[in-house]
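Colleague:
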Amino acid sequence: MALRRLAAVAALLLLTSCTGGTGDTGASSAQEVPGEIVIASGRDVTGKNGIREQLIEAWNRAQDKAGTGYHARLVELSGSADEQRSQLLGALQSGSASYDVVNLDVTWVPEFAAAHLVRPLPGSLIPGDVIDSVASTARWDGKVYAVPFNSDVGLLFYRRDWLRDAGVQETDLSAKDTSWTDIDALIGDVDDLAPKGYQKGWTTQLAGYEGRTVNAIEAFTTEVPELRLTDAEGHYDGDVDKLAQGIAELRRRTASPYLLPAAVHSDEPASMSDFADGRTAFLRFWPYGYRSLFQTFTEKQLGVAPLPGAAVLGGQNLAVTASSPRAHKAAELISYLTSAESERCLLDAGFAATRTSAYRDPDLHCTTGTAAPSASPTGERTDPMPRDADGRPKYARGILLPALQKAVQRPRTPLYGAFTQTFIAQLGALFGDSPPTDEKLASALDQALRKALPD
Amino acid sequence: MNRFDPRGKANRALLVGVGEYDHVDPPHGVPGPLPAVAHNLTGLQEALRGGRVFGADQITALASPDLGTFHNALREATHDAEGLLLVYFAGHAAVPSAAEPLFLQLRGAEIYRGEASVFPGAEAFDTVLGMLAASRAERIVVILDCCYAGNASHVWEQWEPFEDRRRVLLLMSVQPNHRIDAGDDTTPTPFTAELVRLLGRDGEVGFARLAADVRARMEALDLRTLRDRPWRPFSRMEAEADVLLSARGAPAQPPGSRPTLPITLRPGAPTSSTDTPGPSDDQSRLPPARRPPLPHRLRTALAALRARTRRVLDRFKRLSRPARAGVVLALALAVLGAGSVGVAALLRGSASCAPPLELRVLTDPDLEPTVTAAADAYLTSDADTDGHGCRRSGITVYGAGAADAVTALRRQTEDWREPHDEDLNPQRDVGPQPDVWIPATPADVDRVKDGQDTAAVAHLVPAGGPLAYSPVVLAVPDSVPGAGPRTRRPLSAMLGALTARTADLRVRRPDPEYADAALLATTGLYGTGTAQAADPGRAERLVAQAGPPSRTAADLLCALPEDPSADAATAALVPEFLLRTGVGCDRTTRERRTARYPDDVPAVEPTFVRVRWDHGDRDGAARDEAAKAFRTWLAGPGGRAVFARDGFRDARHRALLDGENAADGVLRAPSPRTEGAASGAMDRALERYRGAGGPGRVLYLLDDSGSMGGLWDGPSGGPGLLRQSLGGLGSGDEFAVWTVSGLGERPYTTLLRYGHHTRKEAERAVRGARVRDAEADPHAALAAALDEMHRRGTDDNRPELIVFITDDEDDGRLTGAALDDVLNKARAGKGRVPVTMVSLVSGGCDRGRPDAAISAASGGRCLDADDDLGTGLADEVARTGTGED
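So this is what it looks like as structure tokens:
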């Protein structure tokens, strides 16, 4: 209990609490008691956790060498994003598990920040080199709460060989600004060609999970670029007219002449499988498809381009928990894991790096672990990704980086869980047996979002 | 309720308010004086005097005593009280860390922070309660108005002996682990102001009603704690321990017709009321907060925000210059990183909904769709919505293998809370640490409790009986001729009669490790616990199938129609509710089925269990309350509607909850078995299932060619996945590990020879493996592995498995004739050896890829990076081996 609010706050902060204290520390790292720093991160289903582990081990070796007494340890959580979020929230709220650093999906940052589960960090952890759109995922309420670790963005993968066989002159869709109308026309060309096994023009992820939200936001923002469903404080800020326009675009691009019917039940693996099996000519997918799909296809068969219209930004950010007794050292670790060189390692291993230098700096190389193909001296092809002369994935600089720079965010709100649940459920009607009109669905969506995100 | 009426007895009220402190400067002082507390004492004293329970000479008020004076006053009141002893404390309080004991800070209090913080001049609440418990008083009421007041509840909950606890009633100004604002200097603190107002009402006021009403009033005021959470008073009392505190305007003596009764506990009644009873219907109670129309709310909020800002600025101006500098410094520090909670709470408007408390709900995989639907409905229901339209709690439902969940809660809770070994990590392999567990049978709770480690850090608290009921049935295709009655017969008799008439009838049961319904069916198959115990080997042959069994009963009912001829000739052991819901498969045509109700197979009975974790009470009772609210909703009309829609029956009466729309093939009143599942029978059945085929043989192939370099380290790397699966192998099982690289004569190297190994030995060997600068020849290695296993398996029917962990980089050597050779070997032989292909790359199991073809030909599973590789591989190995001893 406090005397006067301001005086109390002053005292509170100096003492770190209202005479109690639950772990906050105003100390510098020199005053922290050395020990273990626990990093919680989801099991990486794309098989790339190796490089994260290697970066952590490299930091540990440096700590051992300097005799600091600190040691970082990775605790893997379940591979399901919903389960990761639930465990991180539940554990940090209740104290059922102890973490110092948490790896958050970009959409969770406002929630963890607003709930005071993670700490504000110095802005210097995000230098100007970090791609602007990516950097903005780490802020909430005017403060930096996390540091981008790896990014993600929607891309378009397509069958170059089929376009060529169908008589399309320019089969490099990344060379010009391709629109969805262009894609519709190209689908018509491939339909005429009708390659063996081919069913429909494109596929994506529209099952009742986050993939549906991502695809819908991409359609909505393509049609209504100024659309923001939430304001700066995370309150609902949409309106029925704009929603109706967005729904119309989502309906148009998912209409039966173009979309593989299975897409409405597909998640990432299912949609990739349909594309890899030749059932579609186009696939909306994340950058990790680059590594996977070049296992199946050659460069002559497979092309990749920025997604026409708006593409949604994904990725994960590292944050220091409010309960960490080693907050300063944890921030140091984050600084290392997100450094320019670490980001280059992540890029080489198949992640979308968060810093421009990782894509452009000719003098920046990865010297950690086996992310770079040159680290393995065997005669066999060590990775399927086409690479440029500098060892970067070939598409990184010309396609991935611009896509990230232009990418849009999903609504930012501390109640993102409620938002996406509502959005997914309401838009499900569009893919059901008797879809409502744009206006009717927009009205229902507007009403449901108002309830899910009350003022 | 029999409320104790202390009027006319030797009662004592000790009111302690510490507003002045000797040490208020950093680094060891308390945050400052609390002038509001003086008003508390005055107001409360007056209210109690007028309440006619305490005489004027029975009330002592102490303003800002030191520790010694406080002890003396406690001693005296404790000694004198015989009827009601009421002790009130307002002032600063401290806790060393979350969930630690509460210290009440007296006038001379200081704070020394360090590894073990100490608080000279303060008294631990345990000690205070211990002193009070020494009193002869029939009721002891303690009221705390201070930061962290709710933390006192932990002491009360653990207080022994029970006789003492049921005399003690506790009212706390705020929920655990929260700090609060003292409000204006010129008025009592917000909580005590409400207390005084309520005690000042005419008529009788008992503790339970006071606690409920003060909570309702504080809710209506919509104050926030310094962590920006709704500020909620908190109370603890045993059932029927209520006591009269005030009787303003009532006769001075208790009516003769109302005797004072000793506390008695009804058999079966809850032993404690951890929740404040609902508010009384008193006229003075504020109406429940409703959401006014938006414009009004907006105006109110803006006005409040303006007033709040003005107040803050006025106060800032009133502060002395050094004090203002301190505020600026503190704000700057907050922005720099540490402890900004108070500032954020102070400056932010409170109109937004705070992120709700997250409940982690673990359930049986068969129940996951129903529990998820229920949670979705609950989250948008009024029950989970507060007066501002905000959600009270968020819920994530997840399923995990039933046997894994039981094992983790029994023996791995420490690892679940803090995984130290990357090979044993329930956070990754089972899922989040549950706050709530909804197993498919209450017997699972006994299974955990009976076998739980003494050092377990998770504790199960079942909440009431089962939520619903669904018998496990034999779902027989309508095209199969019926044979005998559909009820009142054991499973073996039903199966015997059916197969006697239809010789080629097949029977399928899902994986008993994965979902409880399949394990319950297995108890029937084996006759576990009956005189007609069957040989598990023979029983398993009856349900044997090519390839792995379906994981859930719903999967099974969707897998069968994929082959219409098999669908028509296969009976399935599944929970009855799936005859209604288990029809949403890709294939829209299916065989119609009729349920038969064996009387020796226990039913599915979803049961709600609260799981409490040691040190997991940072948010105190709020988590308990959130879990309790969900349980109440599940058991009420909302939850029953979801269970009804999904084909469940009433937990007690066993009638279909939606009798009007019963699924085809279901009996309305099948008179199923009345006893529930027995924990021992389930454990025995699982043990016999694992050992049914005898000890197993497993041959691991681990690709260690150069390209595995990026997929080698960490728990998701090849060696990590292999090590995590070793838990499925027991001392009776035999296994070997080959590393696969090199061309020509030596396509593999033996890392661990074929034979019996301890897990430690095997882990050590695998840890020693390194990536080699070489290519691999998967064709040669797989061919050699199949030859080896065929050679070893000629004499018996022991379960066998080959596991190949690879990045598919050398699949170029696994095409054309080479692939055909492997496929032929995989199909050949007396008994096929299942090959589980574990591809560390995405899409490795896509149609047409060699991994998919080899798995399919051999009857094994194909797992790639799009699956949960760790869990998937561990399941396959566990099915082959007998499991760790």
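Sequences listed follow chains F and U, in order. Residue numbering for the first sequence follows the working numbering, beginning at 1 and increasing consecutively. Residue numbering for the second sequence follows the working numbering, beginning at 1001 and increasing consecutively. Beta carbons are placed, not taken as given, at the ideal position from N, Cα and C, and that holds for glycine. Quick caveat, the model's predicted, so the values are computed rather than measured.
Does the beta-carbon distance from leucine 1699 of chain U to isoleucine 1802 of chain U come in below 7 Å?
Modeller: Yes, these two residues count as a Cβ contact at 7 Å.
Colleague: What are the uninterrupted segments assigned as beta strand (DSSP E) that are 3 or more residues long and contained completely in the region 1733–1759 of chain U, given in chain order?
Modeller: You should have 1734–1740 and 1748–1755.
Colleague: So, with DSSP's three-state summary, where would you put proline 467 of chain F?
Modeller: As displayed, chain F neither begins before 1 nor continues past 455, which places residue 467 of chain F out of reach and without an answer.
Colleague: Check for me: the alpha helix (DSSP H) holding glutamine 409 of chain F runs from which residue to which?
Modeller: Where glutamine 409 of chain F is concerned, there is no enclosing alpha helix (DSSP H), given that its DSSP letter is neither H nor E.
Colleague: Taking the alpha carbon of leucine 1104 of chain U as the reference point, which residue from U/Ala1073, U/Glu1138 and U/Leu1144 has its own alpha carbon closest?
Modeller: When only C-alpha atoms are compared, the closest one is U/Leu1144.
Colleague: By how many angstroms is the C-alpha of alanine 1063 of chain U removed from the C-alpha of proline 127 of chain F?
Modeller: Roughly 55 Å separates the two Cα atoms.
Colleague: Quick one, which residues of the region 1409–1443 of chain U are near chain F if we go by CB-CB under 7 Å, in chain order?
Modeller: Residues passing the 7 Å Cβ filter: Arg1417, Glu1418, Pro1419, Asn1425, Gln1427, Arg1428, Gly1431, Pro1432, Gln1433 and Asp1435.
Colleague: Roughly how many angstroms separate the alpha carbons of leucine 1223 of chain U and aspartate 455 of chain F, rounded to a whole number?
Modeller: Straight-line Cα distance between these residues: approximately 17 Å.
Colleague: Measure the CB-CB distance between valine 130 of chain F and arginine 355 of chain F and report whether it falls below 7 Å.
Modeller: Yes; because the gap between Cβ atoms is below 7 Å, this pair is in contact.
Colleague: Could you round the C-beta distance between leucine 404 of chain F and alanine 352 of chain F to whole angstroms and report it? I think they count as a contact, below 8 Å.
Modeller: Between alanine 352 of chain F and leucine 404 of chain F the Cβ distance is about 6 Å, and since that is below 8 Å, they are a contact.
Colleague: Quick one: list the residues of chain F neighbouring serine 1565 of chain U, beta-carbon separation under 7 Å, in chain order.
Modeller: Within chain F, no residue comes near serine 1565 of chain U; the closest Cβ sits about 26 Å away, beyond 7 Å.
Colleague: Going by C-alpha distance, which of U/Asp1242, U/Asp1444 and U/Thr1225 is nearest leucine 1460 of chain U?
Modeller: Looking at the Cα atoms, U/Asp1444 is the closest of the given residues.
Colleague: Residues of chain F with CB under 9 Å from aspartate 1868 of chain U, in chain order?
Modeller: The answer, in chain order, is Arg43, Val45, Ser78, Gly79 and Ser80.
Colleague: Might you give, ordered along the chain, the residues of its own chain that have their beta carbon closer than 8 Å to the beta carbon of threonine 22 of chain F, omitting 5 neighbours on each side?
Modeller: Low local confidence applies: a pLDDT of 34 at threonine 22 of chain F is under 50, so the model's placement there is unreliable, with the coordinate-based value given in what follows. The answer, listed in chain order, is Ser323.
Colleague: Shortest alpha-carbon distance to serine 1783 of chain U belongs to which of U/Leu1751, U/Asn1824 and U/Arg1792?
Modeller: According to the sequence provided, residue 1783 of chain U is alanine. The question's serine does not apply to it. For alanine 1783 of chain U, the nearest C-alpha among the options comes from U/Asn1824.
Colleague: To the nearest angstrom, how far is it from the Cα of leucine 1751 of chain U to the Cα of leucine 1840 of chain U?
Modeller: The straight-line gap from Cα to Cα measures roughly 20 Å.
Colleague: Determine the contact status of arginine 1360 of chain U and glycine 42 of chain F, defining contact as a CB-CB distance below 7 Å.
Modeller: Against a cut-off of 7 Å, the Cβ pair of glycine 42 of chain F and arginine 1360 of chain U comes out as no contact.
Colleague: In this structure, what does DSSP give as the bridge partners for phenylalanine 1004 of chain U?
Modeller: In the DSSP output, where bridge partners are listed per residue, phenylalanine 1004 of chain U has U/Val1243.
Colleague: Between the C-alpha atoms of histidine 1071 of chain U and serine 1246 of chain U, what's the straight-line distance to the nearest angstrom?
Modeller: Approximately 26 Å, taken between the alpha carbons.
Colleague: Going along chain F, which residues have a C-beta under 8 Å from histidine 1615 of chain U?
Modeller: Neighbours of histidine 1615 of chain U on chain F, chain order: Gly95 and Ser96.
Colleague: Pull the bridge partners of alanine 1094 of chain U from the DSSP assignment, please.
Modeller: Beta-bridge pairing links alanine 1094 of chain U to U/Phe1103.
Colleague: Whole angstroms is fine: what's the gap from leucine 972 of chain U's alpha carbon to alanine 1817 of chain U's?
Modeller: Nothing can be reported for residue 972 of chain U, as the shown portion of chain U is limited to 1001 through 1885.
Colleague: Taking glutamate 53 of chain F as the query, report the chain U residues whose CB atoms sit under 7 Å from its CB, ordered along the chain.
Modeller: Chain U residues near glutamate 53 of chain F: Asp1713 and Gly1714.
Colleague: Do you know offhand how far arginine 387 of chain F's Cα is from threonine 422 of chain F's?
Modeller: The straight-line gap from Cα to Cα measures roughly 41 Å.
Colleague: Just to confirm, are aspartate 1567 of chain U and glutamate 1591 of chain U a CB contact at a threshold of 7 Å?
Modeller: Against a cut-off of 7 Å, the Cβ pair of glutamate 1591 of chain U and aspartate 1567 of chain U comes out as a contact.
Colleague: Checking the sheet assignment: what are the DSSP bridge partners for serine 1393 of chain U?
Modeller: BP columns for serine 1393 of chain U point to U/Leu1357.
Colleague: Taking all protein chains shown into account, do 16 or more other C-beta atoms lie within 10 angstroms of the C-beta of lysine 196 of chain F, making it buried, or fewer, making it exposed?
Modeller: With fewer than 16 Cβ atoms within 10 Å of its Cβ, lysine 196 of chain F is classed as exposed.
Colleague: From the DSSP output, in three-state form, read off lysine 143 of chain F for me.
Modeller: Strand at lysine 143 of chain F.
Colleague: Is there at least one Cβ from chain U nearer than 7 Å to leucine 3 of chain F's Cβ?
Modeller: Residue placement at leucine 3 of chain F is poorly supported in this model, since its pLDDT is 39, which falls under 50; the coordinates are not used for a value here.
Colleague: How far does the beta strand (DSSP E) with alanine 1059 of chain U in it extend, from its first residue to its last?
Modeller: The displayed chain sequence assigns isoleucine, not alanine, to residue 1059 of chain U. Where isoleucine 1059 of chain U is concerned, the enclosing beta strand (DSSP E) stretches over 1059–1063.
Colleague: Does any residue of chain F bring its CB to less than 7 Å from the CB of threonine 1396 of chain U?
Modeller: So, interface residue.
Colleague: Grouping DSSP H, G and I as helix and E and B as strand, with all else coil, what is isoleucine 1438 of chain U?
Modeller: Note: isoleucine 1438 of chain U maps to strand in three-state DSSP.
Colleague: Quick check on DSSP: helix, strand or coil for lysine 1449 of chain U?
Modeller: Lysine 1449 of chain U falls in the helix class under three-state DSSP.
Colleague: Proline 287 of chain F versus chain U: which residues are under 7 Å apart at the beta carbon?
Modeller: The premise fails here: proline 287 of chain F is roughly 12 Å from chain U at the closest Cβ pair, so nothing lies under 7 Å.
Colleague: Just checking: is the beta-carbon of cysteine 1353 of chain U within a distance shorter than 7 Å of some beta-carbon in chain F?
Modeller: Yes, contact with chain F.
Colleague: Here's the rule I'm using: 16 or more other beta-carbon atoms within 10 Å means buried, otherwise exposed. How should asparagine 1797 of chain U be labelled?
Modeller: Asparagine 1797 of chain U should be labelled exposed.
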